[in-house]
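> Handing you this structure, nothing more for now.
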Ligand SMILES: Cc1cc2nc3c(=O)[nH]c(=O)nc-3n(C[C@H](O)[C@H](O)[C@H](O)COP(=O)(O)O)c2cc1C
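Numbering (the numbering used here), first residue to last: 4 to 309.
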C-alpha cells in the first residue's frame, strides 16, 4: 500500500489520479468508459462527436510502426443525437467524463454541446487539431489563433462546464494559439493531438498502408514533441495543461508533468499495454515518487522550470 497522494485538481474537477483516457480510444460507449474508469483512469474522454453521423475513412484506418501508430479514422461517430442517448446516466462511470466535440463551422460546436447538455459531462474538449480529416481541424483552418478564438468563444457562450481546447503539435506558434483559447475563455489546454500527417508504405504492394494514405502519428515518436509543446505552453498560459502524446509508463507521465502538465492523456498506450495501462502508470508513478521523496503528485507539475 503506497502512501503517496496521486490526486490532482483540474479546473473545478478533482481527479483521483492524473491519468485521462484520450479521445478516440475506447470512448465510443458508456460501457467502455465504465471499464476504463474501473481500470484506474482518473478521468475519461469520449470519442469526438459531430452534429451529424460520420462513417469516417475506409479500413485500414489504424496501423502500427516501430515508433508508434498512424491513424486516419476520419472522426467516425454516430452524431450528436445518438451520442446523447448513449451517454445518458454518466454517473454510472466512476470518474469524470469529458465530452469531445467537433464541427466544421463554429456554430456546429455549439449545437453539439447543446445536444449533449442533458448528459452529465464534467468538461467539454474541443479538438481544433486533427491533421487528416477534410472539413475538420488543420485541414479546415481551425488551427489558427483567429479560428481558435472564434470557436472557443462560441462554445463559451453556451456552457458553464470547463472547456479544454486541444491543440496540434504541428504548428510552430502553439503558444499564440493557446493564448487565443485562453483569451476566449478556455479553462485548460490539451496538448497535443496526433502529429503529421505521416505515411507508411508497403514496399511490396508499392502502396501506402492506410486507405486514406496519410494519417496522424501517435505514441513513442510523438512524446518528445508533446513534452516540448507542454514545456513551452507552461510558460505561455496561466490555465492548466493536459499533456498527451506517447505516454505509456509512469516515467513518461512524470516527465510530462515535470514539463508542466497537470494531468496526462493516454491513447496509444492502451494499445501498447492494454486497458490496465492506467493502473500500471499510477503504480509506477507512485513507486517513483516514493523512491524520489515526493509525497504529492502535484508537486511534480512544472518541476523542470524550478
Ligand atoms: C485511433 C486513434 C483515434 C483518435 N481519435 C481521436 C478523436 O476522435 N478525437 C481527438 O481529439 N483525438 C483523437 N485521437 C488523438 C488522441 O486523442 C491523442 O491526442 C493522440 O493519440 C496522442 O496521444 P497518444 O500518443 O497517447 O496516443 C486519436 C488517436 C488514435 C490513435
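All C-beta atoms, glycine included, are put in the ideal place defined by N, C-alpha and C.
Going straight from the alpha carbon of residue 168 to that of residue 180, what length do you get?
Residue mapping note: residue 168 aligns to position 165 of the chain shown, counting from 1. Residue mapping note: residue 180 aligns to position 177 of the chain shown, counting from 1. Whole-angstrom Cα-Cα distance: 10 Å.
> Inspect the CB distances between the segment 226–236 and the segment 206–216 and report whether three or more fall short of 8 Å.
Short answer: they don't touch.
> Residue 109: which of 82, 139, 96 and 120 sits nearest, CA to CA?
Taking the first residue of the chain shown as 1, we reach residue 109 at position 106. Answer by Cα proximity: 139.
> Given a threshold of 16 other Cβ atoms within 10 Å of its Cβ, counted over all protein chains shown, does residue 133 qualify as buried or as exposed?
Locating residue 133 in the chain shown gives position 130, where the first residue counts as 1. The residue is buried, with at least 16 neighbouring Cβ atoms inside 10 Å.
> Tell me whether residue 176 is buried or exposed, calling it buried when 16 or more other Cβ atoms sit within 10 Å of its Cβ.
One-based indexing of the chain shown puts residue 176 at position 173. Exposed is the call here.
> Any heavy atom of ligand 1 within a distance shorter than 8 Å of the CB on residue 81?
The sequence position of residue 81 within the chain shown is 78, counting from 1. False, no ligand heavy atom lies under 8 Å from that Cβ.
> Figure out for me which residue from 271, 309, 272 and 163 has the closest Cα to the Cα of residue 116.
Sequence index remark: in the chain shown, residue 116 carries index 113 (1-based). Minimum Cα distance to residue 116 is reached at 163.
> Could you round the C-beta distance between residue 147 and residue 184 to whole angstroms and report it? I think they count as a contact, below 8 Å.
Against the chain shown, residue 147 aligns to sequence position 144. Against the chain shown, residue 184 aligns to sequence position 181. So it is not a contact: roughly 12 Å between Cβ atoms.
> Under DSSP, the alpha helix (DSSP H) around residue 227 begins and ends at which residues?
As a first step, residue 227 must be located in the chain shown, where it is residue number 224. That run of the alpha helix (DSSP H) goes 226–239.
> Going by beta-carbon coordinates alone, are residue 54 and residue 83 separated by less than 9 Å?
Along the chain shown, read from residue 1 onward, the residue named residue 54 stands at position 51. Along the chain shown, read from residue 1 onward, the residue named residue 83 stands at position 80. Yes, these two residues count as a Cβ contact at 9 Å.
> Please give me, in chain order, every unbroken run of the beta strand (DSSP E) with length at least 3 that falls completely inside the segment 189–222.
191–194, 198–201 and 218–221
> Please classify residue 224: is it buried, with 16 or more other beta-carbons within 10 angstroms of its beta-carbon, or exposed?
For the purposes of this step, residue 224 is taken as residue 221 along the chain shown, with counting starting at 1. Buried is the call here.
> DSSP on residue 120, reduced to helix/strand/coil?
By one-based count along the chain shown, residue 120 stands at place 117. Of the three classes helix, strand and coil, the one that applies to residue 120 here is coil, per DSSP.
> Given 8 Å as the limit, tell me if residue 195 has its C-beta closer than that to any heavy atom belonging to ligand 1.
Working through the chain shown from its first residue, we reach residue 195 at position 192. Because some heavy atom of ligand 1 lies under 8 Å away, the Cβ of residue 195 counts as near it: yes.
> So, helix, strand or coil for residue 301, using DSSP?
As a working mapping, residue 301 is identified with position 298 in the chain shown. Residue state, collapsed to three classes: helix.
> Could you check which residue in 34, 67, 111 and 137 has the C-alpha nearest to that of residue 89?
Indexing the chain shown from 1 puts residue 89 at position 86. The option with the nearest alpha carbon to residue 89 is 34.
> Per DSSP, residue 281 is paired with what?
For this step, residue 281 is matched to residue 278 along the chain shown. DSSP lists no partner for residue 281.
> My output table needs one value for residue 172: the three-state DSSP class, helix, strand or coil.
Counting from 1 along the chain shown, the entry for residue 172 is found at position 169. Looking at residue 172 - three-state DSSP - the assignment turns out to be coil, as it is neither helix nor strand.
> On the DSSP bridge assignment, give the partners of residue 8 in chain order.
Position 5 of the chain shown holds residue 8. Answer is 299.
> Residue 195 to residue 78, Cα distance in whole Å?
The sequence position of residue 195 within the chain shown is 192, counting from 1. The sequence position of residue 78 within the chain shown is 75, counting from 1. Straight-line Cα distance between these residues: approximately 17 Å.
> Can you name the start and end residues of the beta strand (DSSP E) that residue 156 belongs to?
As a working note, residue 156 is residue 153 in the chain shown. It is not in any beta strand (DSSP E) - residue 156 instead sits in the alpha helix (DSSP H) that spans 148–161.
> CB-CB under 8 Å to residue 129, same chain, minus the five flanking residues each way: which ones, in chain order?
Position 126 of the chain shown, counted from the start, is the residue given in the question as residue 129. Same-chain partners within the cutoff: 103, 104, 105, 112, 154, 155, 158, 166, 167, 168 and 169.
> Rounding to the nearest angstrom, what Cα-Cα distance links residue 149 and residue 182 in this structure?
As a working mapping, residue 149 is identified with position 146 in the chain shown. As a working mapping, residue 182 is identified with position 179 in the chain shown. Rounded to whole angstroms, residue 149 to residue 182 spans 11 Å at the Cα level.
> For residue 25 and residue 255, I'd like the C-alpha separation in whole angstroms.
The residue given as residue 25 occupies position 22 in the chain shown. The residue given as residue 255 occupies position 252 in the chain shown. If I take the Cα positions, the gap works out to 15 Å.
> Assuming residue 16 and residue 218 form a contact by the criterion Cβ under 8 Å, report the distance between their Cβ atoms to the nearest whole angstrom.
Within the chain shown, residue 16 is the residue found at index 13, counting from 1. Within the chain shown, residue 218 is the residue found at index 215, counting from 1. About 31 Å; that fails the 8 Å criterion.
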